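Written out below as structure tokens is the structure these notes cover.
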Amino acid sequence: MEDSDKCKLVKGIPFIQKIHNMEAIEKMYDDFEVRDKDVIIMAYPKSGTHWMIDIVSLIYSNGDPSWIKSVPSWKRSPWIEMKSGSEIIKSKKDPRLFTSHLPVHLFPKSYFNSKAKMIYIARNPRDVIVSFYHFIAPFALHSSWSAFENFFESFLQGNVVYGSWFDHIKGWLPMRNSEKFLFLTYEELHQDLKANVEKICGFLRKKLSEKEISSVLENASFQAMEKHRLENNEPVIHLKPIQLVLMRKGICGEWKNYFTVAQMETFNKLYQKKMEGLDQDLFPWNQC
Ligand code: A3P
2 MEDSDKCKLV KGIPFIQKIH NMEAIEKMYD DFEVRDKDVI IMAYPKSGTH WMIDIVSLIY
62 SNGDPSWIKS VPSWKRSPWI EMKSGSEIIK SKKDPRLFTS HLPVHLFPKS YFNSKAKMIY
122 IARNPRDVIV SFYHFIAPFA LHSSWSAFEN FFESFLQGNV VYGSWFDHIK GWLPMRNSEK
182 FLFLTYEELH QDLKANVEKI CGFLRKKLSE KEISSVLENA SFQAMEKHRL ENNEPVIHLK
242 PIQLVLMRKG ICGEWKNYFT VAQMETFNKL YQKKMEGLDQ DLFPWNQC
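Note that the sequence shown covers residues 2 to 289 in the numbering used here.
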């Protein structure tokens, strides 16, 4: 992707003029002050970010869904790189909850010397491609992206908004040895949401009763989240007139309905090359 009226490259990464705060992103690495009490949700786009925001919001509300029913996620946990987020974050009191999709080299350096906690959520990149393809379409960033095969090629080259999936995960993964960083996957949440909610509670040092945990699980289901989004008016207000579908299918393995055999082979080859040497047990999507 090149600079255009719709997109702009910042330090080699494409962003969308309409929604991203380019000026803030350019200075963020040096200027943004991460605080010790901050809790940050980090993910490559379409990896379950909103799911995690709702889970963490519910944990902080002891399972009470009032907050998620009345306030959209971009206000509860603003994206630091979005136009909508930069201002909201300034007025937030500790402990702040915020979100980002930024690759490690653009994220505020103050995080690395802080005690702030970060939850990283990763997803099978094959399903990320499909989800991203549908999500990005209304922005009409690239005429050729109406065809799946073209978006697939751009994704493989890292030539999409937020850059390469491989660089994102490989950039953040070394942090997983730190106790202030929790690495989770979308697939694990699907397999056992309760165990993972309990893991997140432990990480955030939040003690919830069995009843409160049950309420978190109930309110973080796909159906409940879909309903809450109608109640809290997300995302209609924030990107008018672009209508985005956040809650689309919410399943694992949908890529099998999209990839041709040739695309599957191309993807697997690249995946093996790029992910070589990493502990494959961290990535449960290799089974689905
Ligand atoms: P699909 O497009 O495959 O349906 P993000 O929040 O990072 O943009 O990720 C969006 C993806 O997470 C969408 O995937 C969406 O359906 C899925 N998702 C959101 N909430 C979910 C939930 N409670 N359970 C399962 N999947 C969920």
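Glycine residues also receive a C-beta, built at the ideal position from the N, C-alpha and C atoms.
These numbers come from a predicted model, not from an experiment.
Proximity of LEU245 and PRO79 at Cβ, strictly below 8 Å: No, they are not a contact pair.
Simplified DSSP state of VAL35, which is helix, strand or coil: DSSP places VAL35 in coil when its eight states are reduced to three.
According to DSSP, residues forming a beta bridge with ALA44: Answer by DSSP bridge pairing, in chain order: ILE122.
ILE14: first and last residue of the uninterrupted beta strand (DSSP E) it sits in: Judged by DSSP secondary structure, ILE14 falls within the beta strand (DSSP E) whose first and last residues are 14–17.
SER87 beta carbon less than 8 Å from that of ALA25: It is a contact, given that the beta carbons lie within the stated cut-off.
Neighbour-count burial assignment, ASP55, 16 or more Cβ in a 10 Å radius: ASP55 counts as buried, since no fewer than 16 other beta carbons sit within 10 angstroms of its beta carbon.
C-alpha distance - CYS8 paired with LEU205, whole-angstrom precision: Cα to Cα, CYS8 sits roughly 36 Å from LEU205.
Under 8 Å between C-beta atoms of MET276 and PHE182: The beta carbons of MET276 and PHE182 sit no closer together than 8 Å.
Beta strand (DSSP E) segment containing THR50, residue limits: Counting along the chain, THR50 falls outside any beta strand (DSSP E), though it belongs to the alpha helix (DSSP H) covering 50–61.
As assigned by DSSP and simplified to three states, the class of HIS21: Correct three-state label for HIS21: strand.
With 16 other Cβ atoms within 10 Å as the buried cut-off, status of HIS106: It is exposed - the Cβ of HIS106 has fewer than 16 other Cβ atoms within 10 Å.
Three-state secondary structure (DSSP) of MET83: Looking at MET83 - three-state DSSP - the assignment turns out to be strand.
Proximal residues to ASP128 (C-beta, below 6 Å), its chain only, five neighbours per side dropped: Once the five neighbours on either side are set aside, the close Cβ partners of ASP128 are GLU255, TRP256.
Distance CB(SER111)-CB(VAL35) smaller than 8 Å: Taking 8 Å as the Cβ cut-off, SER111 and VAL35 qualify as a contacting pair.
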